[in-house]
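**Q** Pasting a structure here, questions to come.
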Amino acid sequence: MSESIIVTGAGKGIGESIARRAGDAGYRVGVLDIDNDMAERVASSLPNGIALHASTTDPDQIERALDKFGEAPDSLVNNAGIVRFGPLIDLSIDDWRSTIDVNLTGVFICSQAVAGRMRKNGGGSIVNMTSIAGIQPNVNGGSYGAAKAGLHLLTRQMSVEWGEYGIRVNSVAPGFIDGGMSAPIFADSEIRSTREERVPSGRLGTVDDVASAVLFLCSEEGSYINGNQLVVDGSVTNSLMASFPRPKSVDSVGGKES
Ligand SMILES: NC(=O)c1ccc[n+]([C@@H]2O[C@H](COP(=O)([O-])OP(=O)(O)OC[C@H]3O[C@@H](n4cnc5c(N)ncnc54)[C@H](O)[C@@H]3O)[C@@H](O)[C@H]2O)c1
Numbered sequence: 007m008s009e010s011i012i013v014t015g016a017g018k019g020i021g022e023s024i025a026r027r028a029g030d031a032g033y034r035v036g037v038l039d040i041d042n043d044m045a046e047r048v049a050s051s052l053p054n055g056i057a058l059h060a061s062t063t064d065p066d067q068i069e070r071a072l073d074k075f076g077e078a079p080d081s082l083v084n085n086a087g088i089v090r091f092g093p094l095i096d097l098s099i100d101d102w103r104s105t106i107d108v109n110l111t112g113v114f115i116c117s118q119a120v121a122g123r124m125r126k127n128g129g130g131s132i133v134n135m136t137s138i139a140g141i142q143p144n145v146n147g148g149s150y151g152a153a154k155a156g157l158h159l160l161t162r163q164m165s166v167e168w169g170e171y172g173i174r175v176n177s178v179a180p181g182f183i184d185g186g187m188s189a190p191i192f193a194d195s196e197i198r199s200t201r202e203e204r205v206p207s208g209r210l211g212t213v214d215d216v217a218s219a220v221l222f223l224c225s226e227e228g229s230y231i232n233g234n235q236l237v238v239d240g241s242v243t244n245s246l247m248a249s250f251p252r253p254k255s256v257d258s259v260g261g262k263e264s
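My numbering puts the first residue of the sequence shown at 7, with every later residue one more than the last.
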C-alpha cells in the first residue's frame, strides 16, 4: 500500500513543491488550502492527489477535510502560514492575531485532529513549518517570529506527549527562500544580491530545498528523529559575527598580527 500525506497551504509556494515531490514519490497527497482553485489545480496535476478545501484555523472545516481524505494520513505537513509585516509600535491587533492564528493555532488544530487518527492507526509523522524568523528577530516582522518560535516549542511538546502513540513531530525552519511568500522580496535585485552574498552557502534557498528536508523527516529514513528543528538556511543564522568588523589579530594563527 502506498503512503499518504496531507500538506496544508499546498496550493502554491513551498507547500506546492512538497505536494509535487510527494506525488512523484508515490504518495497519495491531500492538497489542503484555503484557496480551493489553487488546491484543485495542484491536486488534479498529481498522480494521486485530492483537493481539500479548508482553513487550518477552522476545526469544523478541518474535520470535514479529513473525512473527505478518508484514511489517517501517514504524514501531515503543517505548512500553511501568513506574514503581516509592520513595526510593532503601530501593528494592528488584527494583524497580530491573524498571524498567530494561522501560524500557531492552526497548526495545533490540524495536528490534534490528525494525531487522534494517527494514534488509532499506530502512528505517523508530523512536520511543522517554522522559519529562521523564529530563531532571530526579524525587524518589522510583526508577530510572525513570535508565532514561529512558539511553534518550535509546540513541536517539541507534541513530540514528548505523542511519542508513545508512535507519532514523530519535527519542524523545518527555512531561511531566505527564493519563492512563495518571499518572491516579492527577491524581485528587488539589490536586496537579492545583498542577501545572496551574506549566506555562507553562497545562494538563496529554493522551495525544493525545503521540500527535500520535509520529505526526509516524513520518511522511514527519519524514523528515530523526533522533536527536532531542521534549519534549511545555508547557515545564515550562524553568520551574525561574520558581518562585524574584526581586528587583524583575530585572523592570524595564535592571535599574532600578520
Ligand atoms: N518563502 C519563504 O521565504 C519562507 C521562509 C521561511 C518560512 N516559510 C514558511 O513556509 C510556509 C509556506 O510559505 P510559502 O512561502 O510557500 O507561502 P505562500 O504564501 O506562497 O503559500 C502559502 C499557502 O498557504 C495557504 N494558506 C494561507 N492561510 C491558510 C489557511 N488558514 N488555511 C489553509 N491554507 C492557507 C495560501 O492560500 C497559500 O496557498 C509558511 O509557513 C511560511 O511561514 C516561508
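Glycine included, every Cβ here is placed at the ideal spot set by N, Cα and C.
A quick note: this is a predicted structure, and the numbers were derived from the prediction, not measured.
Cβ of A60 versus every heavy atom of ligand 1: is any distance shorter than 8 Å?
**A** Position 54 of the sequence shown, counting from 1, holds the residue named residue 60. Within the cutoff, so yes.
**Q** Determine the contact status of S218 and R27, defining contact as a CB-CB distance below 9 Å.
**A** Residue numbering aside, residue 218 sits at position 212 when the sequence shown is read from its first letter. Residue numbering aside, residue 27 sits at position 21 when the sequence shown is read from its first letter. Yes, the pair counts as a contact, with Cβ atoms nearer than the cut-off.
**Q** Hey, would you say the C-beta of A217 is under 8 Å away from at least one heavy atom of ligand 1?
**A** The sequence position of residue 217 within the sequence shown is 211, counting from 1. No; taking the cut-off as 8 Å, the Cβ of A217 has no heavy atom of ligand 1 nearer than that.
**Q** Report the rounded CA-to-CA distance for D101 versus N54, giving the unit in angstroms.
**A** Here the question's residue 101 lines up with position 95 in the sequence shown. Here the question's residue 54 lines up with position 48 in the sequence shown. Looking at the two C-alpha atoms, the distance is approximately 36 Å.
**Q** Helix, strand or coil, according to DSSP, for I183 in the structure here?
**A** Along the sequence shown, one-based indexing puts residue 183 at 177. In this structure, I183 counts as strand in the three-state DSSP scheme.
**Q** So is R201 buried or exposed if we call it buried at 16+ other beta carbons inside 10 Å?
**A** As a position in the sequence shown, residue 201 is number 195, starting the count at 1. Buried, by the Cβ-count rule.
**Q** So what does DSSP say about T14, is it helix, strand or coil?
**A** Here the question's residue 14 lines up with position 8 in the sequence shown. Three-state DSSP puts T14 in a strand.
**Q** State the beta-bridge partners of M164 as determined by DSSP.
**A** Position 158 of the sequence shown holds residue 164. Per DSSP, none; premise fails for M164.
**Q** Distance, Cα to Cα, G118 vs I56?
**A** By one-based count along the sequence shown, residue 118 stands at place 112. By one-based count along the sequence shown, residue 56 stands at place 50. Residue identity check: residue 118 is Gln in the sequence provided, not Gly. Roughly 21 Å separates the two Cα atoms.
**Q** Per DSSP, A57 forms a beta bridge with which residues?
**A** Here residue 57 refers to the residue found at position 51 when the sequence shown is read from its first residue. For A57, which the question treats as bridged, DSSP gives the partners V37.
**Q** Following the continuous alpha helix (DSSP H) through M247, name the residue where it begins and the one where it ends.
**A** Taking the first residue of the sequence shown as position 1, residue 247 is located at position 241. From DSSP, M247 is part of no alpha helix (DSSP H); its letter is neither H nor E.
**Q** Does DSSP put V120 in a helix, a strand or coil?
**A** For the purposes of this step, residue 120 is taken as residue 114 along the sequence shown, with counting starting at 1. V120 falls in the helix class under three-state DSSP.
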